Structures are given as structure tokens and as C-alpha cells.
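Novice: Using the working numbering, you'd call the opening residue of the sequence shown number 1220 and step up by one each time. The C-beta atom is built at its ideal place from N, Cα and C for all residues, glycine as well. These figures come from a predicted structure and were not determined experimentally.
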Amino acid sequence: MKLLNLIIAFLAMTTISNAQTGKSFYDFKVTTLEGQPFDLASLKGKKVLVVNTASKCGHTPQYAQLEEIYKKYADKNFVIIGFPANNFLSQEPGSNDQIREFCTKNYGVTFPMMAKISVKGKDIDPLYQWLTSKEENGVMDAPVKWNFQKFMIDENGKLAGMVPPGDLPDCEKIINWIENKK
């Protein structure tokens, strides 16, 4: 019984310790649409808006607003990163090359776009596992509900909040966060 209590105490302390000193956004490496490695630690000191995207979704026009706020705030230590995903009704069926062409041709996207990943389910990408699980990010559970869910990452690589898919990228919550307003 003493051994069982010791094991339980150790596991509880480990869980608390992991939540307090867990991973940050900067601990992840991803791949660009062009197949190049991208170390998220290169974004230290910047606010980052992470968005799962899709080319054949009712929310696809949000690409235009994402590009607008990216251009407006890029010189204020702000960046947007798009992660195409085909998790919802096969609304992102294209290859990485097709996705790049679509985003550039139709919306003039210049913000970084990463290779297509899975944002939910058994094959969820490790970054999205971190973004969506309070156990991993220490802040909140925020499973991806649909395309264009937005995650706000602060300058220290910590999850600062989430904006649902239907809320536009230029909504008050995101703009106030970028501009450091309450």
C-alpha cells in the first residue's frame, strides 16, 4: 500500500511539474508547403496566429482577411501560419503544390503556409495535439471544430487563446490581442 501511495504521489508531482514546465510552441518543427523544414523557435518574440485552412470551405474567403492583417501587422512582430488540413468533409483534397497555387492565385497569400497535416483524430499532428490539449499546453482544451479555427500564441511561445472558425480573422478579440489592448 505504501508503494502504491508513493507511485500515485510521484505521478501527481510529475503531472504538475509537466503542466508547469511543459512544451512551448517553440519546441515544434514543421514542414513548409515547399517541403522545407521550419523551426517554430525561429518565431521567438513574435505573436503567432495559427490557422488550419482548407480551399473548398465556406470559410475559405478568410484567407483574404488573414492576408490583410498579416500585411498590416507584420512589422509589429506578428505572423500568421496556415496549416492546410483535410479533416472536414474532404475540403482540402489538393497536394501541397496545388494548395500553394490556389492560395497565391486566389488570395495573394504571402504568410507562411505549411504542409498539409491532420488537426484531429488518431493521426493528429504533434503541434495540434499541443494546441488542442490542456494537458499539453497548460491553458485549455480546444479541439478543432472546423476549418479556420485560430490559435493565438504569445511572444513566449505560450497559448494565449483560441478563436472559433466562424469568427473572422479581423475580429475584435484577435486585433485587440495583436495590439495589446484589453
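Classify K1266 as buried or exposed, calling it buried when 16 or more other Cβ atoms lie within 10 Å of its own Cβ.
Specialist: buried
Novice: Enumerate in chain order the residues of its own chain whose CB-to-CB distance from E1253 is below 8 Å, with the five nearest sequence positions on each side excluded.
Specialist: N1315, R1319
Novice: Measuring straight from C-alpha to C-alpha, what distance separates P1402 and D1360?
Specialist: One cannot answer for residue 1402 here, as it falls past the ends of the chain, which runs 1220 to 1401.
Novice: Give the secondary structure of D1386 by DSSP, where H, G and I count as helix, E and B as strand, and everything else as coil.
Specialist: coil
Novice: Just to confirm, is the Cβ distance from F1247 to P1345 under 8 Å?
Specialist: yes
Novice: Just checking my contact of L1405 with I1299 at CB under 8 Å: how many whole Å lie between their CB atoms?
Specialist: There is simply no residue 1405 to check, as the chain begins at 1220 and stops at 1401 in what is shown.
Novice: Compare the Cα-Cα distances from G1301 to each of E1398, K1377, T1323 and report the closest residue.
Specialist: Answer by Cα proximity: T1323.
Novice: Fully enclosed by the stretch 1252-1307, which beta strand (DSSP E) runs are 3 residues long or longer?
Specialist: 1256-1258, 1266-1272, 1297-1303
Novice: Taking its Cβ as the centre, do 16 or more other Cβ atoms sit within 10 Å of Q1310, making it buried, or is it exposed?
Specialist: buried
Novice: Decide if N1366 is buried, meaning its Cβ has at least 16 other Cβ atoms within 10 Å, or exposed.
Specialist: By the neighbour-count rule (16 or more Cβ atoms within 10 Å), N1366 is buried.
Novice: Give a yes or no on whether the C-beta atoms belonging to E1286 and G1241 are separated by under 8 Å.
Specialist: No, the pair does not count as a contact, with Cβ atoms beyond the cut-off.
Novice: When DSSP labels each residue in this structure, what does T1240 get in the three-state scheme?
Specialist: Because the pLDDT of T1240 is 46, which lies under 50, any placement of that residue in the model is unreliable, and the number read from its coordinates should be weighed accordingly. Note: T1240 maps to helix in three-state DSSP.
Novice: Need the endpoints of the alpha helix (DSSP H) that F1370 sits in, please.
Specialist: No alpha helix (DSSP H) holds F1370; the beta strand (DSSP E) holding it covers 1369-1372.
Novice: Please report the straight-line C-alpha distance between G1277 and N1399, rounded to a whole angstrom.
Specialist: Roughly 30 Å separates the two Cα atoms.
Novice: Classify D1342 as buried or exposed, calling it buried when 16 or more other Cβ atoms lie within 10 Å of its own Cβ.
Specialist: exposed
Novice: For V1249, which beta-bridge partners are listed by DSSP?
Specialist: For V1249, DSSP records a beta bridge to F1257.
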